[in-house]
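Visitor:
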Amino acid sequence: MSLRAKLAKPINYVLRPMRVQLVHDGPSSDPVAHYWRPARKTIAAAQEAGLPLGAYLDKTFAKPGATPDAVRAMLKLGDLQDKCGTVCEIGAGSGRFAEEVIAALHPDRYEIYETARDWLPWLSRLPGAVIQKCDGRTLSQTPDGSVDLVHAHKIFVYIEFCITAGYLEEMARVVRPGGVVAFDIVTEECMDDETVREWVRGASFYRPIPRQWVVEFMRRRGLAILGSHFSPLPPGTTELLVFRRDSASS
């Protein structure tokens, strides 16, 4: 390992919860480096390819149609078919999931927590977008029980467990009775032998979380699991889990 790589690894360990990292021009085995891209460069690449941004990202980093497939599954499992008042998304990034959700639900208010400031001007153009102050750990600008749908995609697969657990607590806090919480993680169901071998060969930074622990953690907070959907995260998959808060919960 080069001196540069040795120095970058501990620094990126600290920076990763903020979804910021040191990079170099050579090949990288860190999946964050392959997944996350600067706004201006990514938008320009999509335009050069003649594709909408979401379609470009799916084709380049997952598989064509992965984002709309995940959103359709989330909405179906959550029985979200009509216009809703408020949606909150953690780590909206390029806005590819937000665009699909907004087109389907037409929310009055779409709250966005995003630490990558270069994407904020792009995200602010979304219908109903409310860019919230983001500390990379909480949903501090969102009141208790105020959100119809709170969701996150391709975020908890990278960040430290303690930060993910904090976000799950926050999602349970802000969702209204009868509302929906959805997020994807790498569970044991995603860990087939071939995928694990690829992780070992590539020194993967994906962070698996036990599915049953998550289900029980959310259950203790008044949220029942409705189902799940598998989405591509090369070289494997993530499991999108969808929950509903008990209508009687306060």
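If you use this note's numbering, the sequence shown corresponds to residues 10 to 259, in order.
Virtual Cβ for every residue (Gly too), placed ideally from N, Cα, C.
What you are looking at is a predicted structure, and each value in this text was computed from that prediction instead of being measured.
#1: Take THR124 as the anchor and find which of THR204, ARG254, ALA48 has the nearest alpha-carbon.
#2: Going straight from the alpha carbon of TRP131 to that of ALA54, what length do you get?
#3: Reducing DSSP to helix, strand and coil, say where GLY94 ends up.
#4: In the structure shown, what three-state DSSP assignment does THR124 receive?
#5: Quick check on the burial criterion: 16 or more other C-beta atoms within 10 angstroms. Buried or exposed for PHE170?
#6: May I have the straight-line CA-CA distance separating LEU129 from GLY100, to the nearest angstrom?
#7: For GLU225, does the count of other Cβ atoms within 10 angstroms reach 16, so buried, or fall short, so exposed?
#8: Check the DSSP bridge columns for ILE140 and list the partner residues they point to.
#9: To the nearest whole angstrom, what separates the beta carbons of VAL189 and VAL110, a pair I think is in contact under 8 Å?
#10: Excluding five sequence neighbours on each side, which residues of the same chain lie with their C-beta closer than 7 Å to the C-beta of GLN150?
#11: In the DSSP assignment, what residue or residues form a beta bridge with ALA64?
#12: Which partner residues does HIS238 have in the DSSP bridge list?
#13: Helix, strand or coil for ASP157, going by three-state DSSP, please let me know.
#14: So what does DSSP say about LEU89, is it helix, strand or coil?
#15: Just curious, the beta strand (DSSP E) that PRO186 is in, first and last residue?
#16: At the level of alpha carbons, what is the spacing between ASP144 and THR95?
#17: Between the C-alpha atoms of GLY102 and ILE218, what's the straight-line distance to the nearest angstrom?
Guide: A quick look at the data gives this:
#1: One-based indexing of the sequence shown puts residue 124 at position 115. Nearest of THR204, ARG254, ALA48 to THR124, Cα basis: ALA48.
#2: The residue given as residue 131 occupies position 122 in the sequence shown. The residue given as residue 54 occupies position 45 in the sequence shown. Distance between the alpha carbons of TRP131 and ALA54 is about 15 Å.
#3: Translated into the one-based positions of the sequence shown, residue 94 becomes position 85. GLY94 sits in coil when the DSSP states are folded into three classes, being neither helix nor strand.
#4: Taking the sequence shown and counting its residues from 1, the one referred to as residue 124 is at position 115. Looking at THR124 - three-state DSSP - the assignment turns out to be coil, as it is neither helix nor strand.
#5: In the sequence shown, residue 170 corresponds to position 161, counting from 1. With fewer than 16 Cβ atoms within 10 Å of its Cβ, PHE170 is classed as exposed.
#6: Locating residue 129 in the sequence shown gives position 120, where the first residue counts as 1. Locating residue 100 in the sequence shown gives position 91, where the first residue counts as 1. Here the C-alpha atom of LEU129 lies approximately 11 Å from the C-alpha atom of GLY100.
#7: Residue mapping note: residue 225 aligns to position 216 of the sequence shown, counting from 1. Result: exposed.
#8: Your numbering for residue 140 matches position 131 in the sequence shown. ILE140 pairs with ILE121.
#9: Position 180 of the sequence shown holds residue 189. Position 101 of the sequence shown holds residue 110. With a contact defined as Cβ atoms closer than 8 Å, VAL189 and VAL110 miss out at about 11 Å.
#10: Taking the sequence shown and counting its residues from 1, the one referred to as residue 150 is at position 141. Excluding residues within five positions, the ones whose Cβ falls inside 7 Å are GLN141, LYS142.
#11: Indexing the sequence shown from 1 puts residue 64 at position 55. ALA64 is not bridged to any residue.
#12: On the sequence shown, position 229 is the one that residue 238 refers to. HIS238 is bridged to LEU249.
#13: As a position in the sequence shown, residue 157 is number 148, starting the count at 1. Three-state result, ASP157: strand.
#14: In the sequence shown, the residue the question calls residue 89 occupies position 80. Residue state, collapsed to three classes: coil.
#15: One-based indexing of the sequence shown puts residue 186 at position 177. Annotation: the continuous beta strand (DSSP E) that includes PRO186 extends over 184 to 194.
#16: For this step, residue 144 is matched to residue 135 along the sequence shown. For this step, residue 95 is matched to residue 86 along the sequence shown. Their backbone Cα atoms lie some 21 Å apart in a straight line.
#17: Counting from one through the sequence shown, the residue named residue 102 turns up at place 93. Counting from one through the sequence shown, the residue named residue 218 turns up at place 209. Their backbone Cα atoms lie some 22 Å apart in a straight line.
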